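Colleague: Let me give you the structure first, and then I'll get to my questions.
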Ligand SMILES: [Fe+2]
Ligand SMILES: [Fe+2]
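In our numbering, the protein residues as written are -16 to 145.
What follows is the structure in structure tokens.
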């Protein structure tokens, strides 16, 4: 196997383990993953700093829109950890901004580390924090889900408020 065929250790692919069971949120998370993959590819391909920055900017803009959407939903559901969740979003946003601001002074090899940090921050949040609201929604039998949103719980039954 040539070097180029080897999977990157930080290659990122969507899996069902990342699903929160809410189609519109899953679609947004999938888009995230695609953008992070593009950033990773830009770094691996040693593209210009401007291109890497463009990828980072796209991730930041996407994260801002997604976080705002989630926060509206969590509030509407009466999710008890909504404030804490929003604080987590703010922390990630700040971390992403700091990484982006630091890119300029970094050596190329440090971009890989920066890319890994971006991936880690977003994926850990999905797997650790976003999963908590899925459990909350499922524990409520889907009753707290708003009309615009349905949740598919562990029993495989989609639930939607009437
Ligand atoms: Fe999320
Ligand atoms: Fe979130």
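Where a beta carbon is used, it is the ideal one built from N, C-alpha and C, also for glycine. As the structure is a computational prediction, the values presented were derived from the model and not from experiment.
Which residues end up in the neighbourhood of ligand 2 when you take C-beta atoms closer than 5 Å to any of its heavy atoms?
Modeller: Listed by chain position, these are 53 and 113.
Colleague: Output the residue ranges of the alpha helix (DSSP H) runs that lie fully inside the segment 49 to 116 and measure 4 residues or longer, sorted by chain position.
Modeller: List check, alpha helix (DSSP H) in window: 65 to 85 and 91 to 107.
Colleague: If we ignore side chains and look at the alpha-carbon of each, how far apart do residue 9 and residue 41 end up?
Modeller: The straight-line gap from Cα to Cα measures roughly 18 Å.
Colleague: Would you mind stating whether residue 15 and residue 47 have Cβ atoms separated by less than 9 Å?
Modeller: no
Colleague: Figure out for me which residue from 43, 38 and 64 has the closest Cα to the Cα of residue 80.
Modeller: 43
Colleague: Starting from residue 19, trace the alpha helix (DSSP H) in both directions and tell me its first and last residue.
Modeller: 6 to 27
Colleague: In whole angstroms, give me the CA-to-CA distance for residue 143 and residue 7.
Modeller: Residue confidence for residue 143 is low, a pLDDT of 48 falling below 50, so the modelled location carries little weight; the figure read from the coordinates is stated next. So the two alpha carbons sit approximately 13 Å from each other.
Colleague: Roughly how many angstroms lie between the CA atoms of residue 96 and residue 25, to the nearest whole one?
Modeller: 13 Å
Colleague: Do you know offhand how far residue 29's Cα is from residue 101's?
Modeller: 17 Å
Colleague: Going by alpha carbons, who is nearest to residue 70 out of 60, 85 and 50?
Modeller: 50
Colleague: Expressed to the nearest angstrom, what Euclidean distance is found between the alpha-carbon atoms of residue -2 and residue 85?
Modeller: Distance between the alpha carbons of residue -2 and residue 85: 31 Å.
Colleague: Taking the alpha carbon of residue 112 as the point to measure from, which residue in 35, 39 and 63 has its own alpha carbon closest?
Modeller: 63
Colleague: Which of helix, strand or coil does DSSP assign to residue -4?
Modeller: coil
Colleague: Cβ of residue 11 within 8 Å of any heavy atom in ligand 1?
Modeller: Relative to ligand 1, the nearest heavy atom lies less than 8 Å away from the CB of residue 11.
Colleague: Contact check, residue 68 vs residue 57 under 8 Å by CB: the rounded distance?
Modeller: 6 Å
Colleague: Take the Cβ of residue 61 as the centre, count every other Cβ of all protein chains shown within 10 Å, and call the residue buried at 16 or more, exposed below.
Modeller: exposed
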